[in-house]
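Note that the protein sequences, when read in sequence, are chains U and R. Residue numbering for the first sequence follows the working numbering, beginning at 1 and increasing consecutively. Residue numbering for the second sequence follows the working numbering, beginning at 1 and increasing consecutively. Note that CB positions come from ideal geometry on N, CA and C, so glycine has one too.
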Amino acid sequence: MTKRMANLDGNEATAYIAHKTSEVIAIYPITPSSTMGEFADEWSAQKRPNLWGTVPLVIEMQSEGGAAGAVHGALQAGALTTTFTASQGLLLMIPNMYKIAGELTSTVFHVSARSIAAQALSIFGDHSDVMSVRQTGFAMLASCSVQEAHDFALIATAATLESRIPFLHFFDGFRTSAEVNKIEMINDDVIRAMVSDELVQKHRARALSPEHPYIRGTAQNPDVYFQARETVNPFYAATPAIVQNAMDQFYRLTGRKYSLFYYVGAPDAERVIVAMGSGAETAYETAKYLNARGEKVGVLVVRLYRPFSVAHFAQALPSSVKTVAVLDRTKEPGAAGEPLYLDVVNALVESRRMDINVIGGRYGLSSKEFTPAMVKGIFDEMKKAEPKNHFTIGINDDVSQTSLAFDPAFNIESDATVRCLFWGLGADGTVGANKNSIKIIGEETDNFAQGYFVYDSKKSGGITISHLRFGPEPIRSPYLISHAQFVACHQFNFLEKYDVLKSAMTGGTFLLNSTYDSDEVWNHIPAETQKTIIEKKLKFYVINAYNVAKATGMGTRINTIMQTCFFAISGVLPREEAIEQIKKSIKKTYGKRGEAVVQKNFEAVDQTLANLYEVTVPAQVTSVVNRLPAVPDQAPEFVKNVLGRIIGLDGDNIPVSAFPVDGTYPSGTTQWEKRNISLEVPEWVPSLCIQCGKCVFVCPHAVIRGKVYDSKELANAPAAFKSMESKWKEFPGKYTIQIAPEDCTGCALCVEVCPAKDKSQVGRKSLNMVPQPPIREQERTNWEFFQSIPEVDRSQINTRQVKNIQLMEPLFEFSGACTGCGETPYIKLLTQLFGDRTMIANATGCSSIYGANLPTTPYTVNRDGRGPSWSNSLFEDNAEFGLGMRLTIDKQNEYAREILPSLASVVGEELVAALLNADQSNETGIKAQRERVALLKQRLAGTNEAKAKDLASIADMLVRKSVWILGGDGWAYDIGYGGLDHVLASGRNVNLLVLDTEVYSNTGGQASKSTPRAAVAKFAAQGKGISKKDLGLLAMSYGYIYVARVAMGASDQQTLTAFLEAEAYNGPSVIIAYSHCIAHGIDMRKGLDQQKMAVTSGYWPLYRYNPVLALEGKNPLTLDSKEPTVALKDYVYNETRYQMLVKSDEERAQDLLKLAEQDARSRWEYYKQLAAMSYGKENH
Amino acid sequence: MTDLTTTYLGLNLKNPLVASASPLSEKVETAKKLEEAGIAAIVMYSLFEEQIINESLELDHYLSQGTETFQEAMSYLPDTGKYTLSPDIYIDTLQKLKKAVNIPVIGSLNGVSTGGWIKYARKMEDAGADALELNIYYLPTDDNLTSAELEESYVALVHDIRRSVKFPIAVKLSPFFTSLPNMARRLVEAGANGLVLFNRFYQPDLDLETLEVCPNLVLSNSNELRLPLRWIAMLHGRVHADLALTSGVHTTEDVLKAMMAGANVAMMASELLKKGPSRVAEILAGLENWMVEHEYESIKQMQGSMSQKSVAEPAAFERANYMKVLSSFSHIR
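Printed below as a string of structure tokens:
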């Protein structure tokens, strides 16, 4: 049989088998496992059948807990069922996992193992999640590589059917789940041979059925539970042999040999590392390297972790071993050791190998690099008479001194493997082109290839680093490239920010995308880069890829151009052949998007080589340009020493002591990270400005600000600082709109919303996009000056007018959200209105990532040091989390009020009365109360009375606080809905802001219950067939919840009014905010127009439901938008999410559009009736 | 019995009334209704070069937007496996139309360059179209581009398409040529079997409130007949090609005028969009009545009867400005 090789990542390799061998698949998105669910959904949407010729039924659930429940039910009814998950998702499955295992039910859960949120969330890979379920009774099979993920998915399926023990098949998140590698695909005959129909039928026969009914899931008492729990032991005892048999059968069918514990290394090894997952591959490679140099070392790779077979373990371990180091990719604080370590200690004791010295250590948490150098460091440590136990490797633990030393320069990579690094800008296509290159090399040559991609945590304008290896031998190295023969930098300005050539090998090649020609580029690159090029004797090539891209209609996508350069320079293939293959892969990748895209890429390829030049490298460093510091010198120490190093890609080298011990970080740090990601920024034309402030209102990144001030402030203004007469009667003086040029992302929403057009040239507005570089310096100075001008006294501002909001300082700025984000303007608005007294509880999702993903955070403080406090608990519990904050505020406020009178002698009767009776309904009242609290604290400070100290500690709770519970629709409509409903029903004074993008935006656009009918989303690849849930209507049904539906682009005034009313309402409130999103497939610059169309088409009626009105005998519901004036199709077909259904299934698109039109019409009519109902008195 | 038959592009038509390129041909049901009402042939809506290209580029742009940038979201939209782009839909509709009706169906391509898109002419032929209407018009904005260069590119395009297909080609022209007769001759020499006079263009409007340029489609009226009528009359008998009159055909009288000026067929869209397919039957009935009343035997009899070559006063077609001329003077001359 011919081998079928393919280049794919661990998720696809796993999903392939899971889809082939399942009837029901319950899914829910969570990084990094989401793509397994996406593949399953897409394949079923494309009617791809399973092994038995039927298309698996894929269902998205509301949470992983829900998915586990659905899996449990499907299994009980007899289907071959699977699910995919990771991290917190796996934790949510634990209760069902106990049940599924307790009932001896055959299933495989495929897990891309990931960290668990502790001091911080992390999406990256380690074994914290899988180790948290080792007690559930699931068998656990660990894959170390993409090939193994593919193979073990099948072996687990075979073994679970035979053993009846459910299996958790896991592999390392990102490192394996996202690594692209050339693997041998398992063909259907092998799957058929492995998955016995007889066992499948037995599985079905065990199912519940009214045809032969019985009861499963009883409750048991002390008399029998224990015994019944012990009944399963023989099944666990049999499982290791069953798995080994399956592995042996798999070997006979495919030639790939596996064992439960795989030993590699010297037969007479004295030092052996025990490890599991991709790290074991690194240890394996290193041990072989050291063996070849005479070292008696070895590695024992654990594949079947549960049930842990002591016998197989002991058998696999050479008798010569003197020291064993057990590596755990997890942390269990307070335990005697990490789990694998304790299992090995136990296994050695039970197998009477007490002669062996065992140490354990932690490595690779959250995808921390684990390299051969570290493995060598561990082997070296094991030589010591008293090696360090409970060590860490790969970090500098200068607090508990756990870390082992290692030599980072140690390198085992063979010269036969070609290693290439590509520095790209997110969305420039670099990653996609590299994935294609891997396919070309992997499929068109005999070479093996591997690709791994590292990304920024910013959603736009971030870097990508592609790590490509290829060579004649299979590539196992699951770690980043540190010695590259080829380095390409696709963005010239990266040279100013990063040490791009750090990993370049002497004599290697450097390719730079440069706007400077080959004869002038040298003096434009920083001196540090010049020095490296000279010292490492690099061959240096340049291409002006942007010119080629522009000339060929590629815009900013320079992918195929740089890819062509790579092939031309690297010589992997003869040039002609390489170009032919690139074109073939272009056709394959883009063909279905139409001929024009293919042609434009072909042209780019054809024009590339004529523009590629080798630079003659001078012998001397001549540049006067230097690499810039990551943050400015005036930044606070913590920002410079910790955050700045993270920004400069040096986070790996920061020692433990530098970090806060409890995950607490300072606010207001985005201001130090000058990203300069936009080539264009808005420029203000005062002569046209009407001072409406709409630009400030809509700016997603708070980079455009307005201020009125005394004209005296201009005395020291920079020459280019612009101003005009203020148009506020209450604030006479000067007015300025100022842009933060280095923080602007260039989304142009401000320009789009600007209503002030030049009467002689209507295309010119009061704001116009201009190139950033020429005005960067000047505007930076202006921005600094602008910030030095005092803010307007908030208590003097009438906050009910949109125009005045620009005068209120935003306490949320420069986030890493997408360019033109539709969510952030709402968050910014809430910080402008209430930020200095707001506690924010933020559900996991986009808003928690741009809200708090290190290095920097956008929530900031005002001049008094006040600003939003912010925290993220989980995805599913955010409403409850925020309610908890409210409960504390309410309780401590109550307690303070209780004890305050008893301290009247210290505080003073008058102050006590004033504090207790303060009117805090507006900014003036709040300001006065703050002053009273300050005075209170002063007076309390003079006494040692216990109660006084107690009161001082909670005195701030006497100032009105605002609790905001933020999150997206994935949280509010799906995973967090139960809690959200309960919190709203609680009647407590909390404000919920639902940033409704109608998909799980953060994980890449999976459908939620908010996704509208007729739209395509991941997990709804056929177009969502059912209508959007009406969350607002559900909330209104309680009668005492303030509910508003807003869309800033349709009515900024209504949005503002809703925020003010929601906050003022002394009870629960929810605002559902239309948030345009990149996942809609729209021109983000037109996001506000789409919001408007959503409203004018009747799809998104604006309303406010204010229970206060009902108390006054009026109808609480006010419809704020008018009868639809635009056809729904004119709104929806501006968006790719709807358009693509027309292109993929026109008939279904038409049917769903009709239903969606009905949805909109009936919703509108229903609201109209509700709003017209009589509540006793005439409406306002 | 009055004979309404005519020929156009080698096709024998039962009458001279043809539905011109418009949304009328987007739906099979509408086409069938047109056939039932008596229409002699249907020109399909246009497949635009610009649309083919933009659709592809747009789809690529929005599917690529923001991808492979952020670790948790490698993309934002699912892979739906395949996309049916407008050329495929067009060919599919053409095939459906051909199956549904027994009258000739003429494909319509709109573009100016000789790029890869012209392969769709061949695809239309393969899909069973009876002929092709090639709609060429380019709005020049580059002041370095000369009229001669532009005209040459039109001719080259017709030439290229002629070489790639065997079925008849008609070229739909704009009235904005400096020397229309010369252009007509060159296009025919390049391979055009027919000329369609004239294309109507979308003309943008200005919104005085929003100060924006707004798209605006205005349907034609009978007054617009004059321009094509004149040129049909002028070209009839001078070019070796069939002539179709389009723009401003709304009534029986309009059709008669078109025939007398020398058109092989009269094409209509605006009238049918406004009043529905059944209007065809009314016009045809009117046509027959008029011919009976005026004792015409056949359409062929009247075709070209009032072309410039046939009228007593050929100069009437040549005057570009209104002048008072003594009728006696022209006789003397």
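U/Lys1143 sits buried, since 16 or more C-beta atoms from the chains shown fall within 10 Å of its C-beta. The Cβ neighbour count for U/Tyr214, taken over all protein chains shown within 10 Å, is under 16; the residue is labelled exposed. The Cβ atoms of R/Ala244 and R/Asn264 lie closer than 8 Å to each other. Flagged as an interface residue toward chain U: R/Pro78, by a C-beta distance shorter than 8 Å. Around the beta-carbon of R/Val292, fewer than 16 other beta-carbon atoms lie within 10 Å, marking it exposed. Scanning its chain for C-beta atoms nearer than 7 Å, with the 5 sequence neighbours on each side dropped, one finds around R/Lys257 the residues Leu225 and Leu229, in chain order. In the DSSP assignment, U/Ala488 is bridged to U/Phe422 and U/Leu511. The residues Arg134, Ala139 and Met140, in chain order, have a CB closer than 6 Å to that of U/Arg306 in the same chain once the five nearest residues on each side in sequence are set aside.
In the displayed model, R/Ala170 falls within a strand according to three-state DSSP.
Counting only runs of 4+ residues, the alpha helix (DSSP H) found wholly inside the stretch 140-183 of chain U occupies 146-163, in chain order. Burial state of U/Gly294 is exposed, judged by a 10 Å Cβ sphere holding fewer than 16 other Cβ atoms. Bridge pairing for R/Ile89: absent [DSSP].
Looking at the backbone, the Cα of R/Ser220 and that of R/Thr80 are separated by about 41 Å. In summary, R/Val213 is exposed, with fewer than 16 beta-carbon neighbours lying within 10 Å of its beta-carbon over all protein chains present. Selection U/Ala79, U/Leu75 and U/Ala120 evaluated against U/Lys99 yields U/Leu75 as nearest (Cα-Cα). U/Pro1124 places its beta carbon less than 8 Å from that of U/Thr1096. By alpha-carbon distance to U/Phe814, the top candidate from U/Trp672, U/Cys689, U/Gly337 and U/Asp877 is U/Trp672. For R/Ile91, no Cβ of chain U is located within less than 8 Å of the residue's own Cβ.
Residues of chain U whose Cβ lies closer than 7 Å to the Cβ of R/Glu55 are, in chain order, Gly594.
R/Ser147 is positioned such that its CB atom lies no closer than 8 Å to that of R/Thr114. Residue range Leu57 to Glu60 is occupied by the beta strand (DSSP E) that includes U/Glu60, with no alpha helix (DSSP H) assigned at that position. For U/Ser196, the secondary structure class from DSSP, reduced to helix, strand or coil, is coil.
C-alpha of U/Arg930 to C-alpha of U/Val959: approximately 6 Å in a straight line. Think of a sphere of 9 Å around the beta carbon of U/Ala427: the chain R residues whose beta carbon falls inside it are Ser64, Gln65, Gly66, Thr67, Glu68 and Thr69, in chain order. In the three-state scheme derived from DSSP, where H, G and I count as helix and E and B as strand, U/Ile123 is classed as coil.
Taking C-beta separations shorter than 8 Å and ignoring five residues to either side along the sequence, the partners of U/Arg776 in its chain run Asn676, Pro741 and Glu742, following chain order. Assignment of alpha helix (DSSP H) within the stretch 1067-1114 of chain U, counting only whole runs of 4 or more residues, yields 1087-1096 and 1107-1111 in chain order.
Between U/Ser711 and U/Lys729, the alpha-carbon positions lie close to 15 Å from each other. Counting C-beta atoms within 10 angstroms of its own C-beta, U/Asp415 has fewer than 16 neighbours from the protein chains shown and is therefore classed as exposed. U/Val751 and U/Met724 do not touch by the CB rule: their CB atoms are close to 19 Å apart, not below 8 Å. U/Ile899 is classed as exposed because its beta carbon has fewer than 16 other beta carbons within 10 Å across all chains shown. Nearest CB-CB separation between R/Met74 and chain U: below the 8 Å threshold. Contacts between R/Lys82 and chain U, judged by CB atoms closer than 8 Å, involve Lys592 and Ser1144 in chain order.
Residue environment analysis places U/Ile704 among the buried positions, since at least 16 neighbouring C-beta atoms fall within 10 angstroms of its C-beta. A residue is called buried when at least 16 other Cβ atoms come within 10 angstroms of its Cβ; U/Asp343 meets this threshold and is buried. Straight-line spacing of the CA atoms in U/Leu688 and R/Asp126 works out to 59 Å.
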